[in-house]
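K.L.:
Throughout the sequence shown, residue numbering follows our numbering, covering -4 to 630 in sequence. Ideal placement from N, C-alpha and C gives every residue a C-beta, glycine not left out.
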Amino acid sequence: MGAPQLLPRWPQSREEGHNRSTLRSLIVIAVATLLIASLSSLLPSPNISALLQKVNDNDPMHKLHPDDLPWANINPSSELTYHPCFEGLQCARLKVPLDWNNTDPNYGTVAIALLKVPAKVPVTDPRYGGPLFVNPGGPGASGTHQALTEGRRMQSIIDASTDAPLSTGKYHDIIGFDPRSVKHTTPRLLCFSNAHARRDWVLQSQAEGTVGTSSTATMQKRARWSSLAETCAERTKHDPRARIAWHMNATPVARDLLELVDQHAAVHARATASYLSRPLVRITFLLRPASRRTVILPQKDKRPPLLNFWAQSYGTYIATTFASLFPERAGHLVLDSVKLPSEAPAGQRNASIIHADAIVARFFDLCHRAGPDVCPLYDGAGPRKMQGDFDRLLADVNGTPIAVPATGSLAPDVVTWSDVMGLVRSSLYDPITAFPSLARVLAEVRAGNGTSVARRKQGGSRELVLPRECAEDGPFSPSCMVSGGWEDEVNPAVSCSDALDLGRGTVEGFEDYLRGLEGQSRYIARHWGELNLKCAGWAVGGRWRFVGPFTGKTKTPMLVVNNKLDPVTPVENAFAVAAAYPGAAVLQQDGIGHITVDTKSACTAQVIRAYFQDDKLPEHGFVCPVDELPFGIEG
């Protein structure tokens, strides 16, 4: 963007002001008129707006669960319009075409849910740095939830640290969005008639165990995921809402982001035009210090706005897709915990878990360092002995599951190898938070007590009461689901439709694939293999799939960030992706876990801030230390 023009300071004397009052009024009116005219070019293209405005605003395609507030009370529109929500935040629902390549106005639309944490300065302030879009990945995770819970923290990282001078500091909006069919974005792909049917399916799946744990587990899992795939495919034939299944992979989401950038630029333009059209706008300058009597005027250049995006995990695949399709529109891109884009079209995760076992070993190292007062698994014989005891415990539980009697609200239960390994696997993502509780639970299991594991298993088994709207809207409607709940069909619907072969491999081929994964990690290979098995029988592919090449000279070189030990997105991915985008730099964080910002590191925060504030990238491969480790150990 070009440097902003600034209005001249208010006259320093009453006489000077009196003599020029008429001229000033004419200037203000002329500027406002020209501004409104010049900013009209930033509004959405007429063909898209016309297409979307033909859709009835009361379209049942976009009805949400009544408790999905505030979005359930927001009417989707083809012009981005924010509404006050929560405390000092803003929410919106923007309509975009269901199929970006289909000009039929009756084919359908998507209403994208957004949540904005407003910048600390108004959009008319020269220090306004524009929007930063955020998404946590999944696929299936909610960007609106991320902005709601983490937006202020992310803002504090990228924004100027103080009340910076007009010419230097930048302050940004943080905007979280829910990708297609996720959370509050409609329509949703729903392949269960109601929440009760979904819960039954989940409980049955848990009871079957992880692939490879029995002679029939793999075939059961394959049949289970095939049944879901067939159900979802059948829904596309009878329910117009289910057509979203053809249009929820990464490519149309990347195109949605381009529209969001253009729409936000139009919002900015309208806000600036409105501000400058106020007859007494200059009076406000009198209340400011002389050095602050400025306001942004419209840019003379017609360069299109750029996407600023902080993407995490699967979100990095959306980011690389965008950077490859629209490199000239790619602004500041932070890719955190990087998915290798070439793996998505292949439908495989061939080398994703190569560091998982090293993180398990670190768990025992850190437990030993923390000592017996902090880590109940401590053994003075050392971490290697502790890990050996853990392996024997897993073998014991696999052979003899632990019976858990009922107590209080807890139902009778059985703790299996799959249950214990599920806790271990999930802890590898966020060791800072999870390792202390994992140590406590494993100590209980070692003592024959599976109560804590059973409570975690049954934690989601609360009473389900469907709202009256379920009867009105009918089965397979959002009203018949749990508000804000995780939908099991979303993850495979996205990841499987990203793939070209749709996962229709043979059982023998899957067994070979699983053996390859077990060569990478003996602890989480079976679970990781099941993620690929979810695509068994999936027949609803993305209608628009970009399959490469994943490369491009982005307008602003990207910053790629990764922990040195990540259980599912190894740092090697970061270097491979950076090599494909000229000028990109890798920042390694000397931490463990998935998503770097989940671990405190002043160094990493400073690098990210310098990237947004000064366009500075670190030396390629630079390593930042962390300030904390699990069990309260200082970094």
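Nearest-angstrom Cα distance between Q150 and L528?
P.N.:
Residue numbering aside, residue 150 sits at position 155 when the sequence shown is read from its first letter. Residue numbering aside, residue 528 sits at position 533 when the sequence shown is read from its first letter. Cα to Cα, Q150 sits roughly 38 angstroms from L528.
K.L.:
How many angstroms separate the CA atom of V566 from the CA atom of T501?
P.N.:
Numbered from its first residue, the sequence shown carries residue 566 at position 571. Numbered from its first residue, the sequence shown carries residue 501 at position 506. Cα to Cα, the separation comes out at about 31 angstroms.
K.L.:
Run through the DSSP bridge pairs and tell me what E623 is partnered with.
P.N.:
Sequence index remark: in the sequence shown, residue 623 carries index 628 (1-based). E623 is bridged to E629.
K.L.:
Quick check on the DSSP output: the beta strand (DSSP E) that includes W305 runs from which residue to which?
P.N.:
Position 310 of the sequence shown, counted from the start, is the residue given in the question as residue 305. W305 -> beta strand (DSSP E) spans L302 to S308.
K.L.:
What does a CB cutoff of less than 7 angstroms around P131 pick up in its chain, not counting 5 residues either side in sequence?
P.N.:
Within the sequence shown, residue 131 is the residue found at index 136, counting from 1. Counting only Cβ-Cβ distances below 7 angstroms, and skipping sequence neighbours, we find G138, Q141, Q307, S308 and G310.
K.L.:
Beta-carbon separation of D352 and S516 under 8 angstroms?
P.N.:
As a working note, residue 352 is residue 357 in the sequence shown. As a working note, residue 516 is residue 521 in the sequence shown. In this structure, S516 lies closer than 8 angstroms to D352 by Cβ.
K.L.:
What residues match up with L330 in a beta bridge as DSSP calls it?
P.N.:
Residue mapping note: residue 330 aligns to position 335 of the sequence shown, counting from 1. Per DSSP, A306 and V555.
K.L.:
To which residues of the same chain is T76 closer than 7 angstroms at the C-beta, ignoring the five residues directly before and after it?
P.N.:
Counting from 1 along the sequence shown, the entry for residue 76 is found at position 81. Once the five neighbours on either side are set aside, the close Cβ partners of T76 are A87.
K.L.:
Do G532 and L509 have their CB atoms nearer than 8 angstroms?
P.N.:
Along the sequence shown, read from residue 1 onward, the residue named residue 532 stands at position 537. Along the sequence shown, read from residue 1 onward, the residue named residue 509 stands at position 514. Result no, Cβ atoms of G532 and L509 do not sit closer than 8 angstroms.
K.L.:
I'd like to confirm the pairing. Which residues does DSSP put opposite S72 in its beta bridges?
P.N.:
Locating residue 72 in the sequence shown gives position 77, where the first residue counts as 1. Per DSSP, L89.
K.L.:
Work out the CA separation of D593 and V129 for me, nearest whole Å.
P.N.:
As a working note, residue 129 is residue 134 in the sequence shown. As a working note, residue 593 is residue 598 in the sequence shown. When rounded, the distance between both Cα atoms is 15 angstroms.
K.L.:
When you compare the CB positions of K550 and R324, do they come within less than 8 angstroms of one another, or not?
P.N.:
Numbered from its first residue, the sequence shown carries residue 550 at position 555. Numbered from its first residue, the sequence shown carries residue 324 at position 329. Contact flag set, yes.
K.L.:
Exposed or buried, what is I590 when buried is set at 16 or more other beta-carbons lying within 10 Å of its beta-carbon?
P.N.:
Numbered from its first residue, the sequence shown carries residue 590 at position 595. Buried.
K.L.:
Report yes if the C-beta distance between A571 and A580 is below 8 angstroms; otherwise report no.
P.N.:
Here residue 571 corresponds to residue number 576 of the sequence shown, with the count starting at 1. Here residue 580 corresponds to residue number 585 of the sequence shown, with the count starting at 1. Their beta carbons are not under 8 angstroms apart, which means A571 does not touch A580 by this criterion.
K.L.:
State the beta-bridge partners of A398 as determined by DSSP.
P.N.:
Working through the sequence shown from its first residue, we reach residue 398 at position 403. Answer is V409, bridged to A398.
K.L.:
Taking the DSSP output, what are the residues bridged to D168?
P.N.:
If you number the sequence shown from 1, residue 168 lands on position 173. Answer is P126, bridged to D168.
K.L.:
Could you spell out where the beta strand (DSSP E) holding G586 opens and where it closes?
P.N.:
For this step, residue 586 is matched to residue 591 along the sequence shown. Taken as a continuous stretch (DSSP letters only), the beta strand (DSSP E) holding G586 covers A580 to I587.
K.L.:
Three-state secondary structure (DSSP) at F505?
P.N.:
Working through the sequence shown from its first residue, we reach residue 505 at position 510. It is helical.
K.L.:
Is it buried or exposed for R379, if we count other Cβ within 10 angstroms and need 16 for buried?
P.N.:
Mapped onto the sequence shown, residue 379 falls at position 384. R379 is exposed by the Cβ-count criterion.
K.L.:
With DSSP collapsed to three states, give me the class of P565.
P.N.:
Stepping through the sequence shown from its first residue, residue 565 is reached at position 570. Correct three-state label for P565: coil.
K.L.:
Report the three-state DSSP secondary structure of L612 (helix, strand or coil).
P.N.:
Walking along the sequence shown from the start, residue 612 turns up at place 617. Reduced to three states, the DSSP call for L612 is coil.
K.L.:
Which residues in the same chain as D63 place their Cβ atom closer than 6 angstroms to its Cβ, once the five residues preceding and following it in sequence are excluded?
P.N.:
Counting from one through the sequence shown, the residue named residue 63 turns up at place 68. Closer than 6 angstroms at the Cβ level, and outside the excluded window around D63, lie H179 and S478.
K.L.:
Counting only the same chain and skipping the five closest in sequence on each side, list residues whose C-beta sits under 7 angstroms from that of S16.
P.N.:
Here residue 16 corresponds to residue number 21 of the sequence shown, with the count starting at 1. Legend: pLDDT at S16 = 42, less than 50; position of this residue unreliable, no value from coordinates given.
K.L.:
List the DSSP bridge partners of F617.
P.N.:
As a first step, residue 617 is located in the sequence shown; it is residue number 622 there, counting from the start. F617 pairs with L582.
K.L.:
On the three-state DSSP scale, how would you describe K49?
P.N.:
As a position in the sequence shown, residue 49 is number 54, starting the count at 1. Note that K49 has pLDDT 39, beneath the 50 cutoff, so the model's placement of it is unreliable and the number below is only indicative. In this structure, K49 counts as coil in the three-state DSSP scheme.
K.L.:
For T181, is the classification buried or exposed, using 16 other Cβ atoms within 10 angstroms of its Cβ as the cut-off for buried?
P.N.:
As a position in the sequence shown, residue 181 is number 186, starting the count at 1. The residue in question, T181, is buried, as its Cβ has 16 or more Cβ neighbours within 10 Å.
K.L.:
Taking the alpha carbon of Q215 as the point to measure from, which residue in A339, A224 and E203 has its own alpha carbon closest?
P.N.:
In the sequence shown, the residue the question calls residue 215 occupies position 220. Looking at the Cα atoms, E203 is the closest of the given residues.
K.L.:
When DSSP builds the beta bridges, which residues end up paired with V592?
P.N.:
Indexing the sequence shown from 1 puts residue 592 at position 597. Looking at the DSSP assignment, V592 forms no beta bridge with any residue, so it has no partner.
K.L.:
Taking a contact to mean a Cβ-Cβ separation below 8 angstroms, would you say S472 touches P462 in this structure?
P.N.:
The residue labelled residue 472 in the question sits at position 477 within the sequence shown. The residue labelled residue 462 in the question sits at position 467 within the sequence shown. No, these two residues do not count as a Cβ contact at 8 angstroms.
K.L.:
Roughly how many angstroms lie between the CA atoms of L127 and T402, to the nearest whole one?
P.N.:
The residue given as residue 127 occupies position 132 in the sequence shown. The residue given as residue 402 occupies position 407 in the sequence shown. L127 and T402: Cα-Cα distance of roughly 48 angstroms.
K.L.:
By DSSP, does H78 sit in helix, in strand, or in coil?
P.N.:
Looking up residue 78 in the sequence shown gives position 83. DSSP places H78 in strand when its eight states are reduced to three.
K.L.:
Would you mind sorting G543 into buried or exposed? The rule is 16 or more other CB atoms within 10 Å of its CB.
P.N.:
Locating residue 543 in the sequence shown gives position 548, where the first residue counts as 1. Label assigned to G543: exposed.
K.L.:
Just list the residues that DSSP pairs A325 with in beta bridges.
P.N.:
Start at 1 with the first residue of the sequence shown, and residue 325 comes out as number 330. L302, per the DSSP bridge assignment.
K.L.:
Below 8 angstroms on the Cβ atoms is my guess for V555 versus V333; work out the distance and round it to an integer in Å.
P.N.:
Here the question's residue 555 lines up with position 560 in the sequence shown. Here the question's residue 333 lines up with position 338 in the sequence shown. Correct: roughly 6 angstroms between the Cβ atoms.
K.L.:
Can you tell me the Cα-Cα spacing of H191 and V409, whole angstroms?
P.N.:
Numbered from 1 along the sequence shown, position 196 holds the residue referred to as residue 191. Numbered from 1 along the sequence shown, position 414 holds the residue referred to as residue 409. Roughly 22 angstroms separates the two Cα atoms.
K.L.:
Kindly give me the distance between the Cβ atoms of M553 and Y518, rounded to whole angstroms, as I take these residues to be in contact under 8 angstroms.
P.N.:
Numbered from 1 along the sequence shown, position 558 holds the residue referred to as residue 553. Numbered from 1 along the sequence shown, position 523 holds the residue referred to as residue 518. The Cβ separation is near 32 angstroms, so there is no contact.
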